[in-house]
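Worksheet for the structure shown next.
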Amino acid sequence: MRSIPVFYTDKMVADSGCESPSAEKPKAVVASWLEKFPIDVREPEPVKEHELARAHDKEFVRAILACERPNGFGNKSKAVAAALPYTSGAMLSAAREAIRSGGAACAPCSGFHHAGHERAEGFCTFNGLMVAALALRDSGISRVGILDLDMHYGNGTDNIIRKLMCEGWIWHFTAGARYTMASQATEFLTLKLPEVLVAMGSCEVVLYQAGADPHVDDPYGGWLTTEQLKARDATVFEVLSSAGVPVAWNLAGGYQRDADGGIRKVLDIHDNTMRECVRVFGRP
Numbered sequence: 001m002r003s004i005p006v007f008y009t010d011k012m013v014a015d016s017g018c019e020s021p022s023a024e025k026p027k028a029v030v031a032s033w034l035e036k037f038p039i040d041v042r043e044p045e046p047v048k049e050h051e052l053a054r055a056h057d058k059e060f061v062r063a064i065l066a067c068e069r070p071n072g073f074g075n076k077s078k079a080v081a082a083a084l085p086y087t088s089g090a091m092l093s094a095a096r097e098a099i100r101s102g103g104a105a106c107a108p109c110s111g112f113h114h115a116g117h118e119r120a121e122g123f124c125t126f127n128g129l130m131v132a133a134l135a136l137r138d139s140g141i142s143r144v145g146i147l148d149l150d151m152h153y154g155n156g157t158d159n160i161i162r163k164l165m166c167e168g169w170i171w172h173f174t175a176g177a178r179y180t181m182a183s184q185a186t187e188f189l190t191l192k193l194p195e196v197l198v199a200m201g202s203c204e205v206v207l208y209q210a211g212a213d214p215h216v217d218d219p220y221g222g223w224l225t226t227e228q229l230k231a232r233d234a235t236v237f238e239v240l241s242s243a244g245v246p247v248a249w250n251l252a253g254g255y256q257r258d259a260d261g262g263i264r265k266v267l268d269i270h271d272n273t274m275r276e277c278v279r280v281f282g283r284p
C-alpha cells in the first residue's frame, strides 16, 4: 500500500477567534488520519507575498499580512496572519507533488473559495486555490481544474478568474452554485459529477475541495448523507485516477459540533475522504 503525501505543519494552525473550526482543525484531522491510514506527512513550503499577489491585489495582501485589515474570520489576528502563507503553501505543495507523482496529495486546510481579488469573506482570507493555480501556470502548467464540492458557491474563485481573465485555462466547477438540496443528490452523484469529471480529463491537475459541510446535519449545509459523501469522494478519485489526472485535495468547510463542543463528526467525514483516496491511489 502506497502512502498518501499530506502537506502539514503546526504553523498552519491558528485560533480563528470565531465559531468556525477551520483554522484549527488541520491538526485534529492529521492526528485522526495518522491513527488509521498510510500517510506521509511532509512540511509544506510557505508561499511568499508576491505569490499571494498573483491572485490578489498587492495592497490587500500587504494589509492582511500586516494585520491592518480584517481577515476572513472578521478580526486582525496575528496568529491567523502567520498561518496564511502555510495554508496556501500546503495547497501549492500538494499540487506540485500530485503532478510530480501522477497521483494524489492532500493539503489538510480550508478557507479559500470565498476570498476574492481584493476581499476576505466567509472564513476565507486568501484564495489558496487560485494562488496554487497561478503559481502552476507560471511554471508551465497550461490547464488546471478546480473542483469545488464545498456546500457553498465559490464566489471568490469566480471573482479572481474573471478579474485576471483565466477562463481559457482554468476549468472551475462549484457545486454550491446550483446543488444544495437533498432532492438533487441522485442527479448530482449519478449524472452531473461524472459529467464534470470527464470534462476535467483534459486538465493537467485538479484541485479538489472535499467539503464536509454538504452533510445533512451540518448547520451550514444539509443535502448529502454520510454514504453519499463517501460516494462523491469515491467517484472523484476513481474517475480522475482512471483518466490519469493528478489530484490535490483539501478539507474545505465542515461546521458540526459534538455535544462537548468537539468536531468528531467533521473528522469522521474527512476520514472517509482519506479512506477513499487511499483505496484508489494507495494501491501498489
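With my numbering, letter number 251 in the sequence shown gets 251, and the count goes up by one each step, no holes. Where a beta carbon is used, it is the ideal one built from N, C-alpha and C, also for glycine. On a predicted model such as this, the values are computed, not experimentally measured, just so you know.
Host alpha helix (DSSP H) of residue i (start-end)
i: H270; result: 264-281
i: I99; result: 78-101
i: F60; result: 58-65
i: V47; result: Counting along the chain, V47 falls outside any alpha helix (DSSP H), and DSSP gives it neither H nor E.
i: L207; result: Run containing L207: none in the alpha helix (DSSP H); it sits in the beta strand (DSSP E), 205-209.
i: A133; result: 128-138
Where the beta strand (DSSP E) containing residue i begins and where it ends
i: F37; result: From DSSP, F37 is part of no beta strand (DSSP E); its letter is neither H nor E.
i: A104; result: 104-107
i: V6; result: 4-7
Cβ pair residue i, residue j closer than 9 angstroms
i: G89; j: G111; result: no
i: L87; j: F126; result: Here residue 87 is Thr; the residue named in the question, Leu, does not match the sequence. Cβ distance < 9 angstroms, so T87 and F126 count as in contact.
i: A83; j: M12; result: yes
i: V239; j: P194; result: yes
i: D218; j: M151; result: yes
i: V41; j: A53; result: no
i: A132; j: L92; result: yes
i: S32; j: D271; result: yes
i: P38; j: Y8; result: no
i: S241; j: V280; result: yes
i: A259; j: D213; result: no
i: P85; j: P46; result: yes
i: S202; j: R143; result: yes
i: Q209; j: L149; result: yes
i: H288; j: G156; result: No answer is possible for residue 288: it lies beyond the span of the chain, which begins at 1 and ends at 284.
Cβ neighbours of residue i in the same chain (closer than 8 angstroms, five flanking residues each side left out)
i: K76; result: C67, E68, R69, P70
i: E24; result: V13, A14, D15, S16
i: D158; result: H172, T174
i: A177; result: Y153, G154
i: A182; result: V216, G222, W223, L224
i: D10; result: K27
Close-in-space but distant-in-sequence residues of the same chain around residue i (CB under 7 angstroms, 5 per side omitted)
i: M200; result: G145, L147, W171, V206, V245
i: C166; result: none
i: D57; result: H117, E118
i: M130; result: A55, T157, I160
6 angstroms Cβ shell around residue i - same chain, five flanking residues per side excluded
i: A120; result: N71, G72
i: I99; result: V205, P246
i: I141; result: E204
i: L65; result: A81
i: S22; result: S110, G111, F123
Contact the segment 235-255 vs the segment 104-121: 3+ CB pairs below 8 angstroms: With a cut-off of 8 angstroms, the segment 104-121 and the segment 235-255 count as touching, because enough Cβ pairs lie within range.
If you scan the segment 148-201 from start to end, which runs of the alpha helix (DSSP H) of 4 or more residues do you find wholly inside it? 155-163, 193-199, all fully within the segment 148-201.
For the segment 234-267, list the beta strand (DSSP E) runs that are entirely contained and at least 3 residues long, ordered along the chain. The segment 234-267 contains these whole beta strand (DSSP E) runs: 247-250.
If you pair each beta-carbon of the segment 208-227 with each one of the segment 182-192, do three or more pairs fall below 8 angstroms? Enough Cβ pairs lie closer than 8 angstroms, so yes.
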